[in-house]
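Below is one structure, written out as structure tokens; the observations come after it.
6 protein chains.
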Amino acid sequence: MAKKLFDYQLDEPVEGFFLLKDSEVRIAKNGKKFLAINFQDISGEISGKFWDASDQDVENFQAGRIIHLKGKRETYQGNPQIKIQQMRLTHAGEPQEVQQFVEHAPLNTQTMEDEVNQFVFAITEPNWNRIVRHLLTKFHADFFSYPAAKKNHHAFAGGLAYHTLSILKLAKSVADEYPHVNRPLLYAGAILHDMGKTIEMSGPVSTTYTLAGNLVGHIVLIDEQIVEACQQLKIDEQSESVLILRHMILAHHGLLEYGSPVRPHIMEAEILHDLDELDASIQMMQTSIGHAEPGTYTERIFAMDGRNFYRPTHDQTKGDLDGHASQD
Amino acid sequence: MAKKLFDYQLDEPVEGFFLLKDSEVRIAKNGKKFLAINFQDISGEISGKFWDASDQDVENFQAGRIIHLKGKRETYQGNPQIKIQQMRLTHAGEPQEVQQFVEHAPLNTQTMEDEVNQFVFAITEPNWNRIVRHLLTKFHADFFSYPAAKKNHHAFAGGLAYHTLSILKLAKSVADEYPHVNRPLLYAGAILHDMGKTIEMSGPVSTTYTLAGNLVGHIVLIDEQIVEACQQLKIDEQSESVLILRHMILAHHGLLEYGSPVRPHIMEAEILHDLDELDASIQMMQTSIGHAEPGTYTERIFAMDGRNFYRPTHDQTKGDLDGHASQD
Amino acid sequence: MAKKLFDYQLDEPVEGFFLLKDSEVRIAKNGKKFLAINFQDISGEISGKFWDASDQDVENFQAGRIIHLKGKRETYQGNPQIKIQQMRLTHAGEPQEVQQFVEHAPLNTQTMEDEVNQFVFAITEPNWNRIVRHLLTKFHADFFSYPAAKKNHHAFAGGLAYHTLSILKLAKSVADEYPHVNRPLLYAGAILHDMGKTIEMSGPVSTTYTLAGNLVGHIVLIDEQIVEACQQLKIDEQSESVLILRHMILAHHGLLEYGSPVRPHIMEAEILHDLDELDASIQMMQTSIGHAEPGTYTERIFAMDGRNFYRPTHDQTKGDLDGHASQD
Amino acid sequence: MAKKLFDYQLDEPVEGFFLLKDSEVRIAKNGKKFLAINFQDISGEISGKFWDASDQDVENFQAGRIIHLKGKRETYQGNPQIKIQQMRLTHAGEPQEVQQFVEHAPLNTQTMEDEVNQFVFAITEPNWNRIVRHLLTKFHADFFSYPAAKKNHHAFAGGLAYHTLSILKLAKSVADEYPHVNRPLLYAGAILHDMGKTIEMSGPVSTTYTLAGNLVGHIVLIDEQIVEACQQLKIDEQSESVLILRHMILAHHGLLEYGSPVRPHIMEAEILHDLDELDASIQMMQTSIGHAEPGTYTERIFAMDGRNFYRPTHDQTKGDLDGHASQD
Amino acid sequence: MAKKLFDYQLDEPVEGFFLLKDSEVRIAKNGKKFLAINFQDISGEISGKFWDASDQDVENFQAGRIIHLKGKRETYQGNPQIKIQQMRLTHAGEPQEVQQFVEHAPLNTQTMEDEVNQFVFAITEPNWNRIVRHLLTKFHADFFSYPAAKKNHHAFAGGLAYHTLSILKLAKSVADEYPHVNRPLLYAGAILHDMGKTIEMSGPVSTTYTLAGNLVGHIVLIDEQIVEACQQLKIDEQSESVLILRHMILAHHGLLEYGSPVRPHIMEAEILHDLDELDASIQMMQTSIGHAEPGTYTERIFAMDGRNFYRPTHDQTKGDLDGHASQD
Amino acid sequence: MAKKLFDYQLDEPVEGFFLLKDSEVRIAKNGKKFLAINFQDISGEISGKFWDASDQDVENFQAGRIIHLKGKRETYQGNPQIKIQQMRLTHAGEPQEVQQFVEHAPLNTQTMEDEVNQFVFAITEPNWNRIVRHLLTKFHADFFSYPAAKKNHHAFAGGLAYHTLSILKLAKSVADEYPHVNRPLLYAGAILHDMGKTIEMSGPVSTTYTLAGNLVGHIVLIDEQIVEACQQLKIDEQSESVLILRHMILAHHGLLEYGSPVRPHIMEAEILHDLDELDASIQMMQTSIGHAEPGTYTERIFAMDGRNFYRPTHDQTKGDLDGHASQD
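Chains as they are written, first to last, in numbering that gives the first Met the number 0: chain A, 0 to 327; chain B, 0 to 327; chain C, 0 to 327; chain D, 0 to 327; chain E, 0 to 327; chain F, 0 to 327.
And the structure:
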């Protein structure tokens with residue numbers, strides 16, 4: 000099988016098919032145009048510059064196109080980059096499907112959907128069960144295809160559902176260990192907590208924030224959906240069970256300064272917040288460690304206070320670590 | 000006219016009718032019951048202790064009753080208190096109406112309603128106008144009778160509408176001075192910004208927070224009402240004008256750590272936040288200064304970082320300052 | 000079975016045997032002595048005052064004694080208290096064993112030891128395994144009898160081992176879900192992380208901090224024990240595996256301001272920190288919720304930023320919630 | 000009338016007269032000199048680079064010169080810039096006056112002076128009135144020509160007086176609405192609050208901070224002037240009225256961390272601080288929004304915590320918004 | 000020699016002459032008056048309550064009187080207190096001089112004056128020398144009799160000069176060790192840095208803050224004096240040497256949030272700030288440790304972040320430590 | 000004597016021998032290699048770029064080589080840089096010793112050793128004396144050759160011992176002035192406080208952090224050495240005197256957020272922290288001021304909150320200020 004972008008060592012020649020994730024026209028100091036490109040395949044992204052771009056080049060090499068590249072893996076200011084030697088569009092018979100180059104969740108959609116449904120079955124409180132089913136149906140396609148964030152953790156297609164599922168599995172362990180935890184409430188909150196991101200973000204590819212995302216935010220956007228669901232399902236939106244469910248979502252960022260309008264005042268809301276952070280942290284650390292050699296440090300992770308992490312020399316699991324696509 | 004509670008000087012004999020705002024039964028160190036009382040009239044509240052309370056006294060002197068008091072104005076740990084000498088329930092022909100003893104807004108309800116309506120006329124954007132009218136109608140009674148807060152600023156009957164009206168007047172001045180300000184947006188946001196407090200709080204008297212208030216909060220509670228109003232008025236809730244109006248309310252606490260789920264990203268939302276704080280500050284300072292003698296400092300105001308304020312010796316306006324009831 | 004302290008409702012007569020957890024002689028305002036007492040049984044602690052104490056009373060009713068009490072369950076400034084009517088020392092044939100009145104871990108020592116040992120088997124890295132066994136043996140008695148803290152979470156006999164075991168179970172769930180987690184490292188770190196508390200604190204009863212605890216702290220105290228263990232076991236203390244294990248312990252408070260001299264820079268150290276906080280939070284919330292009635296709020300939990308938590312009305316599990324002694 | 004800098008659209012050819020606000024000689028990577036220029040007219044500033052500058056070019060194109068430019072409006076890393084095609088000095092008969100190109104207050108000096116004087120009349124306290132007149136006379140020329148700041152808000156000629164006047168108008172509204180506000184005190188404080196900037200800064204053009212500005216700061220610099228004024232006017236500088244006036248100036252930054260040596264402890268000092276911030280914020284937002292297209296976000300405003308602001312699509316007032324020069 | 004207040008052990012009978020530092024009339028729960036007293040001698044202060052005070056007692060036992068006391072040294076809520084058994088005014092022939100009971104600087108005024116003068120000689124820069132002499136003369140009496148603060152460090156008569164002198168001695172050591180330090184500047188700044196406290200505070204006894212102290216603050220108050228001194232001494236107040244000297248004083252609190260309007264931007268200003276804090280800290284620690292037994296902790300020191308300090312068991316210097324009066 | 004790097008003025012031709020401190024190969028925008036170089040001599044470091052580097056150039060001009068340079072002193076974005084005109088390796092007979100170009104402590108090793116020993120003599124407590132001697136012997140070579148930090152203060156060969164010695168001298172002054180300070184404890188703590196840096200850092204040249212440095216940190220690393228020393232010297236490591244000494248080291252960063260696992264709770268630990276900061280600050284200010292012209296500001300000092308410092312015009316000591324090499 001063809002080498003992936005992150006399989007190439009420093010100074011090694013690179014040859015293969017890649018997706019142009021970004022391709023921006025800029026003016027060089029000599030007055031000529033060049034393209035600032037991010038090459039992508041399922042192992043991640045690396046940047047490169049295409050110098051002295053003709054108008055035809057600008058036309059050909061737009062973001063979203065798949066190209067064939069010859070070049071070299073170099074380093075620029077500590078970050079990997081590709082020195083481009085030759086680049087052309089693909090021919091018939093060569094790879095044409097963007098999906099093959101985009102990182103996506105390590106589980107396929109059907110598997111994730113089946114697993115989420117198992118958790119829905121366990122939501123035995125009828126109001127919560129109906130609201131969750133209603134909104135899962137309403138946002139079905141986006142929920143299973145969106146990333147969980149523009150960058151940072153789970154920033155890949157299907158990342159939202161995958162992140163939700165990871166939290167649900169942690170939630171199950173917690174509910175098994177601490178029997179006083181309200182299992183249906185924790186599951187219902189976990190499934191809905193980030194669903195507002197399907198309204199906050201523009202889509203799974205070239206993700207930007209919508210105006211509603213910027214002015215209202217995903218927390219309030221999904222809260223409003225719960226209220227609407229109650230109206231359509233004839234559930235009293237002022238009932239304690241609905242208020243508690245809404246609180247799960249509203250409080251899940253844990254601190255006001257992280258954007259929750261209220262802090263957790265229900266035990267399960269506090270637990271949901273903790274598990275959300277735990278899964279996001281592990282996901283970010285695993286991704287970064289997968290890109291570092293044993294015995295070295297990862298790059299600094301912005302969303303973890305800029306810390307870098309040491310990959311011990313005895314840790315030989317790299318092949319697995321970046322294998323989000325391993326089961327494809 | 001009878002002297003008010005705050006008219007009595009230190010060590011002066013007190014005699015008059017007062018409302019028992021709070022009256023709590025406690026056990027003294029000698030094992031006997033006593034009542035910890037807050038006496039109230041429109042000039043404010045002062046505490047006192049009724050020692051050796053019999054079961055009949057406990058029965059008689061409950062919160063909400065109006066009593067006749069003989070006593071002395073003393074000081075306990077720097078705060079004024081009343082030493083109770085004699086206390087009895089009122090007779091027929093003596094004051095019986097709680098309203099006479101409760102601090103309330105310096106404007107009567109009809110006046111406030113008329114003035115608010117003048118501002119509604121100036122909301123020329125049709126969606127905003129319809130939403131504001133709809134919610135003003137829906138919450139009419141509570142909006143004009145609730146306090147703006149449990150304590151701190153405008154913690155009196157009618158305080159919510161009075162605070163709203165003060166902001167509207169400041170908003171008018173700002174819109175007159177800075178012509179690029181969107182006047183209809185600023186007015187609509189000002190009228191709605193704290194209306195959720197009618198859901199967050201239990202009522203104008205003996206105010207507590209409701210479960211919805213604690214778990215959801217007044218910001219999101221009124222946001223949800225805007226969304227419902229759109230549905231009933233057939234206004235597209237995803238339209239830019241609605242998103243902007245919702246942003247006005249969601250962002251009006253200014254900072255995430257003050258409970259807004261988003262910071263202001265619309266000029267008028269920033270202005271609304273500033274005017275909200277300005278009016279609350281002036282109201283708190285005026286109340287405290289009204290209780291201090293010229294040439295002395297007020298007590299520390301908790302909600303203004305615990306600062307106290309100096310009342311200059313040349314400031315002889317005390318009579319006016321605490322006269323919320325002046326037009327009665 | 001006899002009623003427990005927290006089974007009595009407000010104003011209900013109280014009669015039974017209790018431990019005097021604290022009993023402090025003070026001078027009342029009338030110049031006479033009184034005893035400020037904390038009564039304890041396995042359901043928790045409630046305070047009371049014994050007025051007009053004679054010298055014989057002071058002699059009799061010292062902390063650590065078991066007494067028979069007649070009184071009434073009252074409330075003082077929002078907290079439960081006991082009004083003492085009659086109090087005497089126990090006679091022969093009445094309860095004499097302090098252990099019966101002291102809250103302790105819901106698992107007995109042998110069970111906890113067996114379960115911890117299962118996790119030790121899974122520490123397949125030989126250095127870590129030997130160090131953990133060495134220190135578990137060295138601190139065996141204290142590790143299984145100490146509380147995890149003076150107050151806040153797991154402040155009961157056996158709390159240290161119970162807290163450790165809860166984290167180990169969470170750690171197992173995490174290692175099962177995220178296969179790149181180094182399971183032996185996470186288990187070894189979890190077992191050792193708070194073991195220094197056996198040096199930091201004076202003992203399981205009437206716990207105070209030792210001088211070493213105050214001047215050095217439990218994090219560095221156990222780090223020093225790891226270094227000593229290496230010397231005795233002829234393990235190179237500068238080897239990467241030892242440095243990583245030490246880092247697990249040194250970094251487990253997560254932030255410098257919480258007393259860790261380094262922040263986590265190993266993935267498993269970050270996870271250990273997160274699970275430590277998660278278990279402590281759940282334990283504190285469960286305890287407080289167990290003391291609140293359904294449909295009311297708990298008291299504020301100091302170690303969780305002073306937040307209180309709402310116990311939903313549909314939560315009828317109180318009997319279980321405070322039943323740490325349920326299996327005895 | 001000729002197009003202004005901010006009237007040109009992306010990729011539109013630019014031709015016209017502009018001021019060289021900055022022109023810095025740098026060395027390009029090819030070893031040749033180039034000029035890093037900021038072009039200015041009354042609509043604002045845009046940067047550009049003059050490549051391969053000869054010694055004659057360096058000599059000609061110095062900061063402060065007016066030039067004729069042919070070029071193109073481009074974008075560089077999200078900010079507008081001018082690609083220079085041809086540039087020459089102006090000839091006789093072409094614009095020569097720097098004042099025509101410099102942004103300045105939207106009111107002319109005489110108007111501002113007249114309006115300020117109206118407020119001085121209303122300062123009925125004799126000490127304050129005499130001090131204000133004395134210092135207005137002493138710093139007259141600078142007060143009406145200086146900017147209010149080096150950058151951020153009101154960073155244009157006459158900005159100091161214009162900012163002062165805006166605050167005075169807001170102050171009038173507040174004093175009208177809240178009758179207990181001491182109007183003369185608020186006006187006197189507003190006029191003097193930033194007058195120290197005439198000592199702190201070097202002048203209206205190419206503004207830098209003076210040594211006194213850096214080592215003492217404008218707050219203390221004007222406080223010292225009040226003290227000197229008292230000595231010359233034979234006013235007792237220890238009188239309460241002088242202490243209160245000084246407090247207005249010393250406290251006007253509101254928080255110690257913003258450089259006030261005392262926090263506001265007089266109601267009018269708190270109000271002055273609030274109005275100062277309100278006017279500065281509105282001014283910054285208006286300027287940024289005037290440079291953004293409807294339906295887009297402004298650049299981030301550093302002095303407002305780096306927030307950007309959304310200009311609604313229905314806001315068609317751009318022409319007015321950047322028209323500081325509109326009445327000229 | 001008679002025992003001092005802090006020489007008495009817990010439960011030891013107390014008999015001797017003491018000053019009534021404070022004596023406040025309060026009403027007990029039984030309705031009778033009592034006096035809340037602070038007894039003082041040169042070893043410190045301890046509180047006590049005088050129950051059932053008659054009008055004659057209130058008249059006799061006012062603050063400032065010297066009394067003869069019989070009582071017992073007890074503890075109340077962890078703090079030492081005196082149980083009063085008998086108390087009477089002093090007779091002829093018994094101690095009458097308040098000075099004997101007031102803590103004061105361990106050096107007498109003449110010694111401090113001589114030592115300060117030695118440092119003045121070393122201020123070789125003529126402007127600084129003249130300004131320092133001028134202000135030392137102007138504030139001579141107060142400078143050598145005032146405390147350095149109302150509470151916290153050096154809160155005793157002569158404390159201001161003593162604190163200044165301690166800093167000067169540290170400054171000499173620093174200037175000896177780091178030859179690039181400007182010695183005259185450091186000395187001049189040290190002498191003047193807190194001199195404004197003679198204006199900020201009401202006097203050496205029963206110290207309160209003046210209005211000027213509250214509204215302007217000691218930093219700006221002495222800065223103003225430097226400016227006035229320049230005018231009287233015909234020194235150019237805008238000269239660099241004067242600006243630098245003023246900066247020394249203005250910046251000496253180190254951080255804006257501690258009340259300096261500017262942070263140190265001159266090396267000697269930074270050093271002055273550091274030495275000011277160092278001397279204050281050592282003084283506070285020495286005082287507290289002097290009141291603690293070897294092998295115990297001090298009370299928490301509010302101005303040092305509430306930390307307490309351990310007095311090692313081998314530290315047998317207590318007699319010396321609290322001996323501010325040792326030379327009397 | 001030859002001019003030093005910092006002796007050259009702007010635009011002055013540079014010619015002389017320098018050390019290549021760093022030399023990094025990078026790719027220019029034209030695709031050719033260049034070297035990003037830091038030139039060093041004992042006056043400091045200045046950067047420069049060597050364009051169009053051949054493979055032979057890359058081979059020749061590696062970090063650690065001494066070269067002969069012809070060029071010009073220029074400025075790039077406000078920082079000094081060297082424009083390289085000609086560069087060659089040194090010939091026989093020209094300077095070859097790296098030591099001549101490296102900044103080092105102003106005292107030679109023998110002098111520092113003698114002076115430190117004088118302080119060791121004054122450590123009269125036998126345990127402390129033996130521990131200090133033991134560790135001084137063990138880490139002798141590194142202690143006298145390492146820098147005190149990678150950058151910031153004392154970042155030169157011998158800086159660790161020089162910094163230690165400066166603190167010891169300040170400590171002597173403090174102990175002389177405040178007789179209750181425990182002199183032996185303060186000296187012992189000062190000598191050991193940063194000795195862990197010899198384990199934390201890789202060495203005196205091209206300093207990096209070791210794995211132990213990153214995962215454990217210098218504070219805990221030297222604490223562990225004290226414990227080991229106790230074991231070898233048969234000193235009871237749980238004795239109060241050892242706990243106190245360890246506390247001196249553990250607490251010397253003063254605040255938890257600066258990496259101390261405990262805050263100072265011993266007077267001498269607080270003093271050690273203060274003197275450590277004082278010496279580091281003065282050292283940083285002196286170095287920066289030595290690089291600035293009189294009448295100008297230094298560059299911003301990162302470790303002093305980014306402040307810059309003004310070098311007064313009357314300060315003519317520059318020659319001395321940067322003369323770390325003055326006694327060579």
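Every residue gets a Cβ at the ideal spot worked out from N, C-alpha and C, and that includes glycine.
Q | Selection from C:H217, C:I218, C:L242 that minimises the alpha carbon distance to C229 (chain C) | A | As a first step, residue 229 (chain C) must be located in the third sequence, where it is residue number 230. Closest by alpha carbon: C:L242.
Q. Near Q326 (chain E), what residues of its chain come up, given a Cβ to Cβ distance below 7 Å and the 5 sequence neighbours on each side ignored?
A. Indexing the fifth sequence from 1 puts residue 326 (chain E) at position 327. Confidence is the limiting factor: at Q326 (chain E) the pLDDT is only 33, short of 50, which leaves the residue's position unreliable, though a coordinate-based value still follows. Here the set comprises P105.
Q: List the residues of chain I whose Cβ lies closer than 9 Å to the Cβ of Y7 (chain C), in chain order.
A: Absent from the structure: chain I. Protein chains present are A, B, C, D, E and F.
Q: For G258 (chain E), go through chain D and note every residue whose CB falls closer than 8 Å to its CB, in chain order.
A: Sequence index remark: in the fifth sequence, residue 258 (chain E) carries index 259 (1-based). Residues of chain D passing the Cβ test: L255, P260, V261.
Q.
For N116 (chain D) and H133 (chain D), what's the separation of their Cα atoms in angstroms?
A. Counting from 1 along the fourth sequence, the entry for residue 116 (chain D) is found at position 117. Counting from 1 along the fourth sequence, the entry for residue 133 (chain D) is found at position 134. Straight-line Cα distance between these residues: approximately 13 Å.
Q. Is it buried or exposed for Q95 (chain F), if we count other Cβ within 10 angstroms and need 16 for buried?
A. Numbered from its first residue, the sixth sequence carries residue 95 (chain F) at position 96. Looking at its Cβ environment, which holds fewer than 16 other Cβ atoms inside 10 Å, Q95 (chain F) is exposed.
Q. Counting pairs of Cβ atoms below 8 Å between the region 176-186 of chain B and the region 190-197 of chain D, do you hit three or more?
A. no
Q) When you compare only the Cα positions, how much space is there between A27 (chain A) and S53 (chain D)? A) The residue labelled residue 27 (chain A) in the question sits at position 28 within the first sequence. The residue labelled residue 53 (chain D) in the question sits at position 54 within the fourth sequence. Distance between the alpha carbons of A27 (chain A) and S53 (chain D): 21 Å.
**Q.** Interface residues of chain A facing L26 (chain F) [CB-CB closer than 8 Å]
**A.** Counting from one through the sixth sequence, the residue named residue 26 (chain F) turns up at place 27. Residue identity differs from the one stated: residue 26 (chain F) is Ile in this sequence, not Leu. Correct list: E73, Y75, K82.
Q. On the premise that T197 (chain B) lies in contact with D141 (chain B), defined as a C-beta separation below 8 Å, what is that separation, rounded to the nearest angstrom?
A. By one-based count along the second sequence, residue 141 (chain B) stands at place 142. By one-based count along the second sequence, residue 197 (chain B) stands at place 198. Correct: roughly 4 Å between the Cβ atoms.
**Q.** Best match in F:G70, F:H217, F:D56 for proximity to G15 (chain F) [C-alpha to C-alpha]
**A.** Your numbering for residue 15 (chain F) matches position 16 in the sixth sequence. Minimum Cα distance to G15 (chain F) is reached at F:G70.
Q: Assign R87 (chain E) to one of two classes, buried (16 or more other C-beta atoms within 10 Å of its C-beta) or exposed (fewer than that).
A: Mapped onto the fifth sequence, residue 87 (chain E) falls at position 88. Result: exposed.
Q) S42 (chain E) versus chain F: which residues are under 7 Å apart at the beta carbon? A) For the purposes of this step, residue 42 (chain E) is identified with residue 43 of the fifth sequence, where counting begins at 1. Residues of chain F passing the Cβ test: none, with the nearest at roughly 16 Å.
Q) Which value, in whole angstroms, describes the spacing of the CA atoms of H313 (chain F) and K168 (chain F)? A) As a working note, residue 313 (chain F) is residue 314 in the sixth sequence. As a working note, residue 168 (chain F) is residue 169 in the sixth sequence. When rounded, the distance between both Cα atoms is 28 Å.
Q | Neighbour flag for E223 (chain F) against chain C, beta carbons, 8 Å | A | Counting from one through the sixth sequence, the residue named residue 223 (chain F) turns up at place 224. Closer than 8 Å: yes.
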